[in-house]
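Plus 37 on top of the position in the sequence shown (first one is 1) and you've got my numbering. For every residue, glycine included, the Cβ atom is placed at its ideal position computed from N, Cα and C.
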Amino acid sequence: MSKLGKQVLILLALLVIGVPLLMVKTCSLPFREKRDIPLVKVWDETTQKLLTITLEEYVKGVVAAEMQASFELEALKAQAVAARTYAYRRIQKGEPIPEHPEAHLTTDYRSGQAWLSTDQLKERWGWVDYLRNWQKISQAIEETSGEVMFFNGEPILAVYHSTSGGRTENSEHYWSERVPYLRSVSDPYGSHSPYVYSTASFSHSQLAKLLNVSGINDMRIIERYPSGRVKTVSVNGTWFSGRDIRSLLNLRSTWFSITVENATVEFSVWGYGHGVGMPQYGADGMAKQGYDYQEILQYYYQGIVIEKVY
């Protein structure tokens, strides 16, 4: 065979082997799933406008509004994953806000999570602190980008609060539904919180008006949950839930004791918030002791897994 013939055969062989490989490699690209960062629709209570922003941009504003930037980085990362999970669940389930059905979330913490824009944060912190705090918060979001908590294949209801007071609460003891990953756990890590203990005092007439009863003849706690939080209170024979008392008297939590004096009624209160899920000061305390954000989340949300969704 001539030299030219051998070269032609080699070229044909390369084409026979190479072209299919190239086709396989090229044709496989469109089948790779490209998962974009989801968009979230947020009703801004300040501007009264609907914002459409990326989930990561939204999470930055939540972490800045919900947690002190001075907290440990691992605590901020735990907060980032919790905030992202809370929003991601609403997006996936298509759960609208009753007051604003066109939105997934609002910036009002009473409807879910607080959120602040960069302009609001500059006003709150000032330029120098803004630059430092925003860099730290951005790092927390970037180092957990796309991470969401799941339980049995579903994004979890990632509720959180400020301070547990020493123990978190089971979900069904504050709301009606028992959620398997929202279990009561011991929380010695938030002892540095300024909200571990507080007091409130009311005159008998003030209290009677707030509770819509005729005087305070007898007021006592009837039953507590195992965590110590109040289940029921009797006022002159009328029963109130611990949540009712907290709401009507604007107490920091449902973990309280009552002392009836001659002229006043004194409340001693432990913790701040509903007590379910992750306490933010507890997360900071765990981070100070060397736990990373995944360990923090897996402690306060029992049995969850953390997955990267984009």
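Here H241 is not near I258, since their CB atoms are 8 Å or more apart.
As the crow flies, the alpha-carbon of M323 is around 9 Å from that of Y330.
Ranked by Cα distance from V313, the first of S294, V96, T301, Q339 is Q339. Taking 4 residues as the shortest admissible run, the stretch 107-185 contains the following complete alpha helix (DSSP H) segments, listed from N- to C-terminal end: 110-130, 155-162, 164-179.
DSSP places V99 within a helical segment (H, G or I) once states are collapsed to three. In this structure, the alpha-carbon of V77 lies about 12 Å from that of Y123.
In this structure N207 is buried. Its beta-carbon is surrounded by 16 or more other beta-carbon atoms within 10 angstroms. DSSP places I282 inside the alpha helix (DSSP H), whose first and last residues are 279-286.
Y347 is positioned such that its CB atom lies closer than 8 Å to that of I74. Taking C-alpha positions only, A320 is separated from S251 by approximately 43 Å. Residue pairing by DSSP places Y218 opposite no residue, since no beta bridge is assigned to it. Cβ atoms of R266 and G274 stay farther apart than 8 Å, at about 22 Å. From the listed residues E136, Y146, A140, Q129, the smallest Cα separation to G98 is found for Y146. For I193, there is no enclosing alpha helix (DSSP H), as DSSP marks it with neither H nor E. Contact check for S305 against T236 passes: the beta carbons are separated by less than 8 Å. Note on S107: under 16 other CB atoms within 10 angstroms of its CB, so exposed under the neighbour-count rule. Following the DSSP letters along the chain, one finds I90 inside the beta strand (DSSP E) bounded by residues 86-91.
Between Y197 and A119, the beta carbon gap of about 5 Å places them in contact (Cβ cut-off 8 Å).
Nearest neighbour of S148 by Cα position, chosen from P138, D255, G227, turns out to be P138.
For A320, the enclosing alpha helix (DSSP H) starts and ends at 317-325. Shortest Cα-Cα distance from G202 to any of E179, Y226, Y336, N189 involves Y226. E160 and Q105 have their alpha carbons spaced roughly 15 Å apart. The C-beta distance from Q116 to E103 rounds to 6 Å, short enough to meet the 8 Å contact threshold. For the pair I178 and R121, the Cα-to-Cα distance works out to about 9 Å.
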